[in-house]
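To start, the structure itself, in structure tokens.
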Amino acid sequence: MPKELERLINSITYLPGIGEKSATKLAFFLLNSNQNFNENLSDSIKNIKSKIGFCKNCFSLCDLGEDFCNICKSQNRDENTIAVVEEYLDMVMIEESGIFKGKYHILGGAISPINGVFIGDLKFKELFERIENAENNVEIILATNPNIEGEATSNYIIEEIEKRKLKYKTKITKLSRGLSSGYLEYADNITLINALKERKEV
Numbered sequence: 510m511p512k513e514l515e516r517l518i519n520s521i522t523y524l525p526g527i528g529e530k531s532a533t534k535l536a537f538f539l540l541n542s543n544q545n546f547n548e549n550l551s552d553s554i555k556n557i558k559s560k561i562g563f564c565k566n567c568f569s570l571c572d573l574g575e576d577f578c579n580i581c582k583s584q585n586r587d588e589n590t591i592a593v594v595e596e597y598l599d600m601v602m603i604e605e606s607g608i609f610k611g612k613y614h615i616l617g618g619a620i621s622p623i624n625g626v627f628i629g630d631l632k633f634k635e636l637f638e639r640i641e642n643a644e645n646n647v648e649i650i651l652a653t654n655p656n657i658e659g660e661a662t663s664n665y666i667i668e669e670i671e672k673r674k675l676k677y678k679t680k681i682t683k684l685s686r687g688l689s690s691g692y693l694e695y696a697d698n699i700t701l702i703n704a705l706k707e708r709k710e711v
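Residue numbering for the sequence shown is 510 to 711, as defined by the working numbering.
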């Protein structure tokens, strides 16, 4: 096998969920694709880091040079209802459910000292500032993953809202327990819709 093809296959195996067999199929697909397709794909991969930025409000992804993402800019979203999620993909899953019409706050992960992720590494300070600066009462929906790290993260938010005396203007809710343990991104639409509809106040 040519060295460049071996190199491509090896690179593809680093993608999550891709083994050597799948990587080989993808490599041969690219080998047989037209040059324009491959060049467009190559450009997209090269630009993914250099042309994507973060929303200054919720820390979602947006085009570089934009201050705010489309959801934060939208006048049709309820700015007094904020779903707190760990990662961008969690937000995507909730958006795909089609039921949520509020806004988001992306923490950038979950508290996990064993994995080297501490409170100061995540966007907690910015979340509390959003609550403090809100003109009206807000609902904070804790939509962290249903696992140990997600629970620790949610509990920290609850404790800090109490400590910072923000409870008077904050309704805190959590997704219902219909979600299986693990990660939000693996939940199906119906389960996610029910978890949002049946969320409970903390």
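A virtual CB, placed ideally from N, CA and C, is assigned to each residue, including glycine.
Note that this is a predicted model, so its numbers are computed, not measured.
**Asked** Can a CB atom of chain C be found closer than 8 angstroms to the CB of Leu517?
**Response** Reference to chain C is not applicable here, since this structure consists of a single protein chain.
**Prompt:** Sorted by chain position, which residues of the same chain lie with C-beta nearer than 7 angstroms to Met602's C-beta, five sequence neighbours on each side aside?
**Reply:** Mapped onto the sequence shown, residue 602 falls at position 93. Result list for Met602: Leu693, Glu694, Ala696 and Leu701, in chain order.
**Asked** Whose CA, out of Gly526, Pro525 and Leu540, lies closest to the CA of Glu515?
**Response** Start at 1 with the first residue of the sequence shown, and residue 515 comes out as number 6. Selected option, being the one with the closest Cα: Leu540.
**Item:** Closest by C-alpha distance to Leu573, when choosing among Lys512, Asn556 and Cys581
**Value:** The sequence position of residue 573 within the sequence shown is 64, counting from 1. The option with the nearest alpha carbon to Leu573 is Asn556.
**Item:** Opposing strand residues paired with Tyr613 [DSSP bridges]
**Value:** Counted from its first residue, the sequence shown places residue 613 at position 104. Ala592, per the DSSP bridge assignment.
**Asked** Which residue from Ala643, Asn566, Ala652 and Ala619 puts its Cα closest to that of Val711?
**Response** The sequence position of residue 711 within the sequence shown is 202, counting from 1. Checked all of Ala643, Asn566, Ala652 and Ala619; the closest Cα to Val711 is Ala652.
**Message:** For Phe637, which residues in the same chain have their Cβ closer than 8 angstroms to its Cβ, ignoring the five residues on either side in sequence?
**Reply:** Numbered from 1 along the sequence shown, position 128 holds the residue referred to as residue 637. Within the same chain, Phe637 has close Cβ partners Glu669, Ile670, Arg673 and Leu675.
**Message:** Assuming the contact rule is C-beta atoms closer than 8 angstroms, Val647 and Ile591 should be a hit. Round their C-beta distance to whole Å, please.
**Reply:** In the sequence shown, residue 647 corresponds to position 138, counting from 1. In the sequence shown, residue 591 corresponds to position 82, counting from 1. That pair is a contact at about 6 angstroms.
**Prompt:** Where does Asp630 sit, in a helix, a strand or coil, going by DSSP?
**Reply:** Position 121 of the sequence shown, counted from the first residue, corresponds to residue 630. Asp630: helix per DSSP, three-state reduction.
**Request:** Please name the residue, chosen from Thr679, Ala704, Glu548 and Ile666, that lies closest to Gly629 on a Cα-to-Cα basis.
**Result:** Locating residue 629 in the sequence shown gives position 120, where the first residue counts as 1. Closest by alpha carbon: Ile666.
**Asked** Got a sec, what are the start and stop residues for the alpha helix (DSSP H) Gly659 sits in?
**Response** Stepping through the sequence shown from its first residue, residue 659 is reached at position 150. Ile657 to Lys672 is the span of the alpha helix (DSSP H), which, as asked, contains Gly659.
**Message:** Mapping the DSSP letters down to three states, classify Thr679 as helix, strand or coil.
**Reply:** By one-based count along the sequence shown, residue 679 stands at place 170. Looking at Thr679 - three-state DSSP - the assignment turns out to be strand.
**Request:** Select from Asn543, Glu707, Phe538 and Glu604 the residue whose C-alpha is nearest the C-alpha of Asn579.
**Result:** The residue labelled residue 579 in the question sits at position 70 within the sequence shown. Selected option, being the one with the closest Cα: Glu604.
**Request:** Quickly, what does DSSP pair Ile557 with across the bridge? List them, please.
**Result:** Looking up residue 557 in the sequence shown gives position 48. According to DSSP, which records beta bridges pairwise, Ile557 is partnered with nothing at all.
**Request:** Report back the beta-carbon spacing between Asn617 and Lys632 to the nearest angstrom; my notes put them in contact at under 8 angstroms.
**Result:** Along the sequence shown, read from residue 1 onward, the residue named residue 617 stands at position 108. Along the sequence shown, read from residue 1 onward, the residue named residue 632 stands at position 123. First, the residue type needs correcting, since residue 617 is Gly and not Asn in the sequence shown. 6 angstroms between Cβ atoms; contact.
**Request:** Compare the C-alpha of Ile561 against each of Glu575, Asp552 and Tyr523 and name the closest.
**Result:** Counting from one through the sequence shown, the residue named residue 561 turns up at place 52. Minimum Cα distance to Ile561 is reached at Glu575.
**Asked** Looking only at its own chain, which residues have a Cβ that is under 7 angstroms from the Cβ of Asn566, when we skip the five neighbours before and after it?
**Response** Here residue 566 corresponds to residue number 57 of the sequence shown, with the count starting at 1. So the qualifying residues of the chain are Phe577 and Cys581.
**Message:** Can you tell me whether Asp697 is helix, strand or coil according to DSSP?
**Reply:** For the purposes of this step, residue 697 is taken as residue 188 along the sequence shown, with counting starting at 1. Of the three classes helix, strand and coil, the one that applies to Asp697 here is coil, per DSSP.
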